[in-house]
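The structure under discussion appears below in the form of structure tokens.
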Amino acid sequence: MREMKGKTFITKKAIKQIAVLSAMRCYGVVGLSPVNFKESSQKILGWDEGKRGVEVFIDGKNIKIVFHVSLFRNINVKEVVNNLINQTAYAFERMTKLTPEVIVVVEGVKEG
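One gets the working numbering by counting positions in the sequence shown from 1 and adding 77 to each.
Written out as structure tokens, the structure reads:
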């Protein structure tokens, strides 16, 4: 059998989609908060693509995923944040064989 050689590219959009799916499956996360004015405007106008609240930074083989989240009130913030970090890293590693750095910024707390 001959080994095939080639390259695989993963876009920021694909990385964001993986991250958003991980966040939405994480217990305690109410939603993702807009990162900037553009995302806030898109949400207000109904143009939200479902990828707001996630920033992706790529530097060579290093990938950093930054979540901006709102959490349920009366939960252990540290546990939810650790769960989100671990769940995202696991899903991303399983799908891409790359290990991302995951950062979570808690933007707010909501009634649940």
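Glycine residues also receive a C-beta, built at the ideal position from the N, C-alpha and C atoms.
Remember, predicted model here, so these are calculated numbers, not experimental data.
Which listed residue (the options) has its alpha carbon closest to that of residue i
i	options	result
P177	R102, N163, K187, G83	N163
R171	V131, A96, K84	A96
V186	E132, V106, Y167, T173	V106
A168	V154, F134, I135, K93	K93
K155	F134, Y104, R79	Y104
D136	T85, F149, N159, K89	K89
F134	R79, N159, N153, A91	A91
Cβ pair residue i, residue j closer than 8 Å
i	j	result
L175	K138	yes
G130	L109	yes
T165	I87	no
Rounded separation between residue i and residue j - CA only
i	j	result
V30	K82	Residue numbering for the chain in the displayed model covers 78 to 189; residue 30 lies beyond these limits and cannot be assessed.
L98	N151	23 Å
E188	M101	17 Å
N153	E80	49 Å
T85	F149	38 Å
N159	E132	18 Å
Okay, do the stretch 173-182 and the stretch 144-154 touch, 3+ Cβ pairs below 8 Å being the bar?
Note that the stretch 173-182 touches the stretch 144-154; at least 3 beta-carbon pairs, one per stretch, sit closer than 8 Å.
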